[in-house]
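Visitor: I'd like to ask some things about the structure below.
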Amino acid sequence: MTRYLIETAGERRSESSVKLNIARLRLTFAQFDIQALEREHIRGYIAQRKEEGVGNATINRELQALGGAINYANIHWQWNLPNPVKGNMLKEPDGRLRWITREEANRLIDAAQLQPKAAHLAPLITLALHTGMRRGEMLGLEWSRVDLQGSLIYLESHHTKAKKRRSVALNKTAREAILAQARFRAAHCPAAPWVFCDKEGNRIASVKRSFATACRVAEIEGFRFHDLRHTCAAWLVQAGVPMAEVRDVLGHCTLAMTERYAHLAPENLRAAVAHLDRSESRFSHVTPERSREAL
Numbered sequence: 001m002t003r004y005l006i007e008t009a010g011e012r013r014s015e016s017s018v019k020l021n022i023a024r025l026r027l028t029f030a031q032f033d034i035q036a037l038e039r040e041h042i043r044g045y046i047a048q049r050k051e052e053g054v055g056n057a058t059i060n061r062e063l064q065a066l067g068g069a070i071n072y073a074n075i076h077w078q079w080n081l082p083n084p085v086k087g088n089m090l091k092e093p094d095g096r097l098r099w100i101t102r103e104e105a106n107r108l109i110d111a112a113q114l115q116p117k118a119a120h121l122a123p124l125i126t127l128a129l130h131t132g133m134r135r136g137e138m139l140g141l142e143w144s145r146v147d148l149q150g151s152l153i154y155l156e157s158h159h160t161k162a163k164k165r166r167s168v169a170l171n172k173t174a175r176e177a178i179l180a181q182a183r184f185r186a187a188h189c190p191a192a193p194w195v196f197c198d199k200e201g202n203r204i205a206s207v208k209r210s211f212a213t214a215c216r217v218a219e220i221e222g223f224r225f226h227d228l229r230h231t232c233a234a235w236l237v238q239a240g241v242p243m244a245e246v247r248d249v250l251g252h253c254t255l256a257m258t259e260r261y262a263h264l265a266p267e268n269l270r271a272a273v274a275h276l277d278r279s280e281s282r283f284s285h286v287t288p289e290r291s292r293e294a295l
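Per full-length UniProt numbering, the very first residue in the sequence shown carries number 1; after that it's consecutive.
Below, the structure written as structure tokens:
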């Protein structure tokens, strides 16, 4: 596992999460010969984690870390190992859809600006709200992939969850958030390659605490950083943006992934069926009295 982490450092979207998952796996499998791992061991691990009250999604992320390491060893080290994780993934509930209003978003950004040691937080939140980018995509963003003149951000396949290249369009608000980081860089660390960095030019690794503080100050409960992405999607759908375009903004692989936001704009459905009223129907002549008689 150590060799795998070293060789793949910088290639993963969420470095800290993968390290945490592997650390948890080591508590159970540290004494195992990886070549002796079988499906029954994986099933035992799943049962153990469930007894500890851990949810299916968390268990799956841990198993994915193990399966990913085995696949890497097979491809790059020619180990030719069976992968006991395959076929043992658990069913996960539908993802939660938590989003906030524009008024709440303004409160959140104001609260973020009150943290002098986290000058990056307000621009980061703003960029997430106006592009739908994932946390890992933003924290790993380098200036070489930012085109301010064209108002675009370029993400390579190894930066995205879908493993596909994607261009992210910047509206005026998102562009201003990037410019705020450019000013910070010019003032403190002009040679830093990272868009979101500290005064020494080091990449920001986590915003968990500062974001939680901003939510508390803004009096917004039950809101995670990833919910900023949901909020971007919700705002787009409510503005009447076609689902196919929302899909492209978010970088979803399929339209089905985007359609879970459709219920956030019921007025669009009402407008759609209203088109049917344009053709006069014989039922439009049925009076309430005649309707009751028919019953």
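All C-beta atoms in this analysis are idealised placements derived from N, C-alpha and C, irrespective of residue type, glycine included. Nothing here was measured: the structure is a model prediction, and the numbers come from that model.
#1: What first and last residue would you give for the beta strand (DSSP E) that runs through Arg166?
#2: Could you give the uninterrupted runs of the alpha helix (DSSP H) lying entirely in the region 48-127, keeping only those of 4 residues or more?
#3: Distance check for Leu20 and Gln115, CA to CA, integer angstroms please.
#4: Quick one: using the 10 Å Cβ neighbour count with 16 as the cut-off for buried, is Ser291 buried or exposed?
#5: Rank Leu25, Leu121, Ala244 and Ala111 by C-alpha distance to the C-alpha of Glu219 and give the top, closest one.
#6: With a threshold of 8 angstroms between beta carbons, is Thr258 in contact with chain C?
#7: Classify Asp147 as helix, strand or coil using the three-state DSSP reduction.
#8: Using a Cβ distance threshold of 8 angstroms, determine whether the region 222-241 contacts the region 73-82, with at least three qualifying pairs required.
#9: Rounded to whole angstroms, what's the CA-CA distance from Ala294 to Arg260? Just pull it up for me.
#10: Applying the criterion that 16 or more other CB atoms from any shown protein chain within 10 Å of the CB defines a buried residue, is Asp277 buried or exposed?
#11: Is it true that the CB of Arg165 sits closer than 8 angstroms to the CB of Leu155?
#12: Based on Cα-Cα distance, which residue from Ile22, Arg135 and Ile109 lies nearest to Thr126?
#13: In whole angstroms, give me the CA-to-CA distance for Ala47 and Ile70.
#14: According to DSSP, is Arg175 part of a helix, a strand, or is it coil?
#15: Measure from the alpha carbon of Leu264 to the alpha carbon of each residue in Ile100, Val168 and Val207, then state which is nearest.
#16: Just to confirm my understanding: we take Ala73, look at its own chain, exclude 5 residues before and 5 after, and list those with CB closer than 6 angstroms. What are they?
#17: For Leu63 and Cys215, what's the separation of their Cα atoms in angstroms?
#18: Quick check on DSSP: helix, strand or coil for Ile42?
#19: For Thr254, which residues from the same chain have a beta carbon less than 8 angstroms from its beta carbon, with the 5 sequence-adjacent residues on both sides left out?
#20: Determine the contact status of Gln35 and His120, defining contact as a CB-CB distance below 8 angstroms.
#21: Does the separation of the CB atoms of Ala174 and His226 fall below 8 angstroms?
#22: Based on DSSP bridge pairs, tell me the residues matched to Glu142.
#23: How should Gly87 be labelled, buried or exposed, when 16 other C-beta atoms within 10 angstroms of its C-beta is the threshold for buried?
#24: Please name the residue or residues paired with Tyr154 in a DSSP beta bridge.
#25: Buried or exposed: where does Glu142 fall if 16 or more other Cβ atoms within 10 Å of its Cβ makes it buried?
#26: Here's the rule I'm using: 16 or more other beta-carbon atoms within 10 Å means buried, otherwise exposed. How should Ile42 be labelled?
#27: Measure the C-alpha to C-alpha separation of Ala233 and Pro93 and round it to an integer number of angstroms.
#28: Indicate whether Arg102 and Arg229 have their beta-carbon atoms separated by less than 8 angstroms.
Guide: Put simply:
#1: Arg166 to Ala169
#2: As far as the region 48-127 is concerned, its whole alpha helix (DSSP H) runs of at least 4 residues are 56-76 and 102-112.
#3: 27 angstroms
#4: The pLDDT assigned to Ser291 is 47, lower than 50, so where the model puts this residue is not dependable; a value taken from the coordinates is nonetheless given after this. Exposed, because fewer than 16 other Cβ atoms sit within 10 Å of the Cβ of Ser291.
#5: Ala111
#6: No chain C is present in this structure, which holds just one protein chain.
#7: strand
#8: Result no; under three Cβ-Cβ pairs closer than 8 angstroms.
#9: The predicted model places Ala294 with a pLDDT of 47, which falls under 50 and marks its position as unreliable; any figure quoted below should be read in that light. Approximately 39 angstroms, taken between the alpha carbons.
#10: exposed
#11: yes
#12: Ile109
#13: 21 angstroms
#14: helix
#15: Ile100
#16: Trp79
#17: The alpha-carbon atoms of Leu63 and Cys215 are separated by roughly 31 angstroms.
#18: helix
#19: Arg247
#20: no
#21: no
#22: Per DSSP, Trp194.
#23: Gly87 should be labelled exposed.
#24: Ser167, per the DSSP bridge assignment.
#25: exposed
#26: buried
#27: Their Cα atoms are separated by approximately 20 angstroms.
#28: Cβ atoms of Arg102 and Arg229: not closer than 8 angstroms.
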